[in-house]
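Numbering (full-length UniProt numbering), first residue to last: 1 to 179.
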């Protein structure tokens with residue numbers, strides 16, 4: 001991709017994030033984005049169909065950054081290191097992830113994150129379940145919902161405990177799947 005295109009897209013996305021920190025998603029217009037970025041409105045439409053497309057691309061970008069920073073796809077357990085890296089990364093990038101979790105009332109970010117985590121958990125559960133006492137679907141959704149719930153609680157409460165503490169407690173709860 002041409003550097004100018006990349007730079008323009010990043011400017012639009014950064015401007016969008018800035019606006020999200022100031023007002024609700026529904027109140028943001030393409031005109032607001034163009035004015036703040038000091039670009040033509042048509043330039044925004046050249047790169048994104050509308051503000052929903054921009055939100056979608058923004059969510060995909062930040063999910064991808066989180067996953068790429070934390071993933072270890074060769075592992076067949078819920079990697080304790082990956083869990084800690086998730087929270088370390090969220091701590092470093094707290095502002096953007098808090099905005100994405102809280103501002104967009106549609107739950108797109110949470111839904112996309114849920115899918116990614118559920119896929120990882122499903123892979124681990126499938127390899128771990130020697131007996132069929134429990135449904136893999138129920139176990140996957142229970143563990144995924146719990147993890148997302150803790151992540152949201154931690155972010156929404158402005159990180160009330162350290163990365164090490166939240167990781168330690170999660171690892172205790174997930175112990176059967178981390179060995």
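C-beta: ideal position from N, C-alpha, C; glycine also.
Remember, it's a predicted structure, so these values are computed and weren't measured experimentally.
What number of angstroms, rounded off, separates the C-alpha of residue i from the C-alpha of residue j?
i	j	result
residue 151	residue 87	8 Å
residue 42	residue 142	45 Å
residue 170	residue 46	44 Å
residue 144	residue 52	26 Å
residue 140	residue 176	13 Å
residue 138	residue 80	22 Å
residue 11	residue 98	20 Å
residue 120	residue 114	10 Å
Shorter than 7 Å, the distance from the beta carbon of residue i to the closest heavy atom of the ligand COA, or not?
i	result
residue 102	Absent from the structure shown: the ligand COA. Ligands present: none.
From the DSSP output, in three-state form, read off residue i for me.
i	result
residue 158	coil
residue 68	helix
residue 107	coil
residue 102	helix
residue 93	coil
residue 113	helix
Since residue i and residue j are thought to touch, with beta carbons under 8 Å apart, how far apart are those beta carbons, to the nearest angstrom?
i	j	result
residue 55	residue 155	Rounded, the Cβ-Cβ distance is 18 Å, inconsistent with contact.
residue 67	residue 125	Rounded, the Cβ-Cβ distance is 19 Å, inconsistent with contact.
- Task: Scan the UniProt domain "HTH tetR-type" (6-66) and note each continuous alpha helix (DSSP H) run of 4 residues or more that stays entirely inside, going in chain order.
- Result: 30-37, 41-47
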